[in-house]
Amino acid sequence: MYSTVKAFKTKLTLWETQMRKENLSHFPSCQTMKEKLSTSAFPSAQLADKIETYRQKFRTVTIPAGENPAETYHRLKGLYRRWIRPEQHTKEQIGEQIILEQLLRVFPADIRTWVKEHEPTEGLAAAKLAQQYLNARRGGPAPYQGGPGRQTPAQTSSGQSPHTAVSRLQPCSQPARSR
Numbered sequence: 000m001y002s003t004v005k006a007f008k009t010k011l012t013l014w015e016t017q018m019r020k021e022n023l024s025h026f027p028s029c030q031t032m033k034e035k036l037s038t039s040a041f042p043s044a045q046l047a048d049k050i051e052t053y054r055q056k057f058r059t060v061t062i063p064a065g066e067n068p069a070e071t072y073h074r075l076k077g078l079y080r081r082w083i084r085p086e087q088h089t090k091e092q093i094g095e096q097i098i099l100e101q102l103l104r105v106f107p108a109d110i111r112t113w114v115k116e117h118e119p120t121e122g123l124a125a126a127k128l129a130q131q132y133l134n135a136r137r138g139g140p141a142p143y144q145g146g147p148g149r150q151t152p153a154q155t156s157s158g159q160s161p162h163t164a165v166s167r168l169q170p171c172s173q174p175a176r177s178r
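In terms of numbering that gives the first Met the number 0, the sequence shown opens at residue 0 and continues consecutively.
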């Protein structure tokens, strides 16, 4: 059950990120709707805002009086399948979103905020952005000025891996919230 819940959460995050960027390539039904409507009429932002609502509802699911754990499992699995449609995404896409969410969760609040503002779509891009942030704060190499999703690692003068400083980060007290 844990893997199903995690996969559902990952799908929600992927969907939300793609809706906010109006990138519908992973969602053929939405892409078809957008092509039929004018660009301004497709409610990408409104759909993305609903994702957080669904995520919060999913996270706060409890077992109602009279429902046994197996029934709760089947209810959650049904919600997952109807909303996410896992057959439309690869395991790699789902896994990458899980890694990205966990990475954002362990960053301190200031780094997490800065990284999320750059909207990375993969965990490695988030790690590179965090390294750039740390380098800029300590007078290291200047951060890359590319657009979201096009970040490259900042090279340190000592030649250390871009992940070195990130691996020393401590978990923060609150989980990362989606944008």
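Don't be surprised by glycine CBs; every beta carbon is placed ideally from N, CA and C. What you are looking at is a predicted structure, and each value in this text was computed from that prediction instead of being measured.
Annotation for L23: no alpha helix (DSSP H) segment contains it, and DSSP assigns it neither H nor E. Between E121 and K20, the C-beta spacing is not below 9 Å. Each of L99, T9, T31 was checked against the Cα of K127, and the nearest Cα belongs to L99. Nearest in C-alpha terms to K10, of all of I62, I97, T61, is I97. Counting the other Cβ atoms within 10 Å of the Cβ of A64 gives fewer than 16, which makes it exposed.
R111 is positioned such that its CB atom lies no closer than 9 Å to that of L123.
For Q92, the enclosing alpha helix (DSSP H) starts and ends at 90 to 105.
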